[in-house]
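*Asks:* I'd like to ask you about the structure that follows.
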Ligand code: PMP
């Protein structure tokens with residue numbers, strides 16, 4: 020086994036409902052840990068999966084051209100710029116594998132950041148250079164640029180960011196792309212917009228939404244959040260055309276299965292579900308912010324479908340509180356694996372789930388005082 024793999028700390032996913040039901044003998048468990056859609060699966064996608072189940076014996080069409088065409092229309096780009104994958108995780112991994120030479124090249128990302136970037140880098144033998152976030156969790160783009168050398172092939176920026184929900188204006192990302200191009204023309208800026216649908220003003224925050232695509236940038240999007248298809252695994256990149264072609268060549272031939280493809284095409288058409296999700300996330304984000312603040316927590320302002328928060332002074336440690344919530348049937352996310360052991364992250368749920376979470380947290384804080 021290669022040394023990089025022997026020393027690998029794998030990605031830590033959120034706990035599942037089934038494991039907590041079993042561990043604590045609970046019938047009812049709610050999960051607000053993985054930033055999934057609070058309203059479930061889009062009805063049109065459910066119908067599409069049912070309709071196409073009998074076609075599951077066939078291989079998918081090579082290159083998923085219908086989906087690439089639909090996404091090209093959605094973003095007003097050439098479909099040849101779209102690469103779809105088994106979650107945006109697959110596209111992130113492909114970018115590293117296609118661009119970086121193992122043992123020589125490096126990537127730049129933040130500390131903390133979505134852990135797939137450094138983990139997939141390590142698996143590929145690519146060093147991750149990490150720039151700490153500022154104290155308020157905003158990005159230090161100058162610090163990131165200072166980490167770049169002639170062997171830096173990728174720079175990752177997550178906007179809105181995970182786990183803080185911070186979202187810079189698109190002009191700042193455009194400036195970063197320009198300065199990166201001037202300093203390191205060989206380096207791709209990967210802008211991970213997994214949560215961009217939830218930003219208060221996506222056009223003001225996203226270069227992709229506004230149609231300003233820098234030549235040295237790639238944009239990552241996913242069907243796991245706004246489009247409610249996390250379990251079917253579907254994400255995509257909008258990339259410079261030539262790079263998209265290389266990714267298609269390197270991608271496993273059928274990583275997007277036919278049910279995921281049909282569900283995604285249907286989800287793109289489900290405008291009622293889209294609007295209901297927007298409403299649920301915007302309202303739920305406010306409800307949770309108000310509720311957590313009333314319990315004495317510090318809550319970071321978030322443009323995503325989750326909130327990062329710190330417990331009030333005198334409260335038990337975040338890890339204890341997380342466990343106590345599990346006992347009460349509520350799964351949220353401790354941020355220990357992000358190197359933030361004092362902080363917690365909760366996904367926006369539906370109205371009932373948000374209420375159950377706030378009541379359970381109130382109970383934990385009262386019981387342990
Ligand atoms: N990027 C970020 C910032 C994420 O938080 C996630 C989901 N955990 C992903 C990408 C991966 O999404 P997908 O389900 O499409 O692989």
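Numbering (this note's numbering), first residue to last: 20 to 388.
Just so you know, even glycine gets a beta-carbon here, dropped at the ideal spot from N, CA and C.
Anything with a beta carbon under 6 Å from a heavy atom of ligand 1 counts; list them all in chain order.
*Replies:* 106, 107, 108, 133, 177, 181, 211, 213, 241, 243, 249 and 254
*Asks:* Mapping DSSP to helix, strand and coil, what is residue 341?
*Replies:* Reduced to three states, the DSSP call for residue 341 is helix.
*Asks:* Quick one, which of 217, 372 and 387 has its alpha-carbon nearest residue 49's?
*Replies:* 372
*Asks:* With 9 Å as the threshold, decide whether the Cβ of residue 151 is near any Cβ in chain B.
*Replies:* Among the protein chains of the structure shown there is no chain B, as only one such chain exists.
*Asks:* So, residue 101 versus residue 258, is the Cβ gap smaller than 9 Å?
*Replies:* yes
*Asks:* Nearest CA to the CA of residue 140: which residue from 280, 369, 284 and 29?
*Replies:* If we check each option's Cα against that of residue 140, 29 comes out closest.
*Asks:* Report the CB separation of residue 245 from residue 296 in whole angstroms; it is logged as a contact under 8 Å.
*Replies:* The Cβ separation is near 6 Å, so the contact holds.
*Asks:* Buried or exposed: residue 78, going by 16 or more other Cβ atoms within 10 Å of its Cβ?
*Replies:* Exposed is the call here.
*Asks:* Report the CB separation of residue 293 from residue 104 in whole angstroms; it is logged as a contact under 8 Å.
*Replies:* 22 Å between Cβ atoms; not a contact.
*Asks:* Compare the beta carbon distance of residue 348 and residue 64 with 9 Å and say whether it is the shorter of the two.
*Replies:* no
*Asks:* Quick check on the DSSP output: the alpha helix (DSSP H) that includes residue 38 runs from which residue to which?
*Replies:* 36-43
*Asks:* Helix, strand or coil, according to DSSP, for residue 166 in the structure here?
*Replies:* Coil, per DSSP.
*Asks:* Report, in whole angstroms, the separation of the C-beta atoms of residue 119 and residue 173, which I expect to be a contact under 8 Å.
*Replies:* In this structure, residue 119 and residue 173 form a Cβ contact; the two beta carbons are roughly 7 Å apart against a cut-off of 8 Å.
*Asks:* Can you name, in chain order, every residue of its own chain whose Cβ lies under 6 Å from the Cβ of residue 291, other than the five neighbours on each side?
*Replies:* none
*Asks:* Could I get the ranges of all uninterrupted alpha helix (DSSP H) runs contained in the region 95-151, with 4 residues as the minimum, in chain order?
*Replies:* 107-118 and 135-142
*Asks:* Can you check which of these residues, 330, 377, 52 and 75, is closest to residue 182 by C-alpha distance?
*Replies:* 52
*Asks:* Would you decide whether residue 125 is buried or exposed? Buried here means 16 or more other CB atoms lie within 10 Å of its CB.
*Replies:* buried
*Asks:* Excluding the 5 residues flanking residue 212 on each side, which residues of the same chain have their C-beta closer than 7 Å to its C-beta?
*Replies:* 178, 225, 227, 238, 239 and 240
*Asks:* Is it true that the CB of residue 306 sits closer than 9 Å to the CB of residue 370?
*Replies:* yes
*Asks:* So, helix, strand or coil for residue 287, using DSSP?
*Replies:* helix
*Asks:* Taking all protein chains shown into account, decide if residue 27 is buried (16 or more other Cβ within 10 angstroms of its Cβ) or exposed.
*Replies:* With fewer than 16 other Cβ atoms from the protein chains shown falling within 10 Å of its own Cβ, residue 27 counts as exposed.
*Asks:* According to DSSP, which residues form a beta bridge with residue 174?
*Replies:* 127 and 208
*Asks:* Is residue 239 near ligand 2, in the sense that its beta carbon is under 8 Å from a heavy atom of that ligand?
*Replies:* Here the bound small molecules are ligand 1; ligand 2 is not part of this structure.
*Asks:* Please report the straight-line C-alpha distance between residue 198 and residue 388, rounded to a whole angstrom.
*Replies:* 51 Å
*Asks:* Using CA atoms only, rank isn't needed, just tell me which of 192, 144, 186 and 188 is closest to residue 163.
*Replies:* 192
*Asks:* Could you check where the alpha helix (DSSP H) with residue 389 kicks off and where it finishes?
*Replies:* Nothing can be reported for residue 389, as the shown portion of the chain is limited to 20 through 388.
*Asks:* Please classify residue 89: does DSSP put it in a helix, a strand, or coil?
*Replies:* helix
*Asks:* Near residue 40, what residues of its chain come up, given a Cβ to Cβ distance below 6 Å and the 5 sequence neighbours on each side ignored?
*Replies:* Correct list, in chain order: 48.
*Asks:* Decide if residue 171 is buried, meaning its Cβ has at least 16 other Cβ atoms within 10 Å, or exposed.
*Replies:* With a 10 Å radius around the Cβ and a threshold of 16 neighbouring Cβ atoms, residue 171 comes out buried.
*Asks:* Straight-line CA distance for residue 321 to residue 54?
*Replies:* 13 Å
*Asks:* Tell me where the beta strand (DSSP E) around residue 365 begins and ends.
*Replies:* 362-366
*Asks:* Suppose contacts are defined by Cβ-Cβ distances below 9 Å. Is residue 143 in contact with residue 175 by that definition?
*Replies:* no
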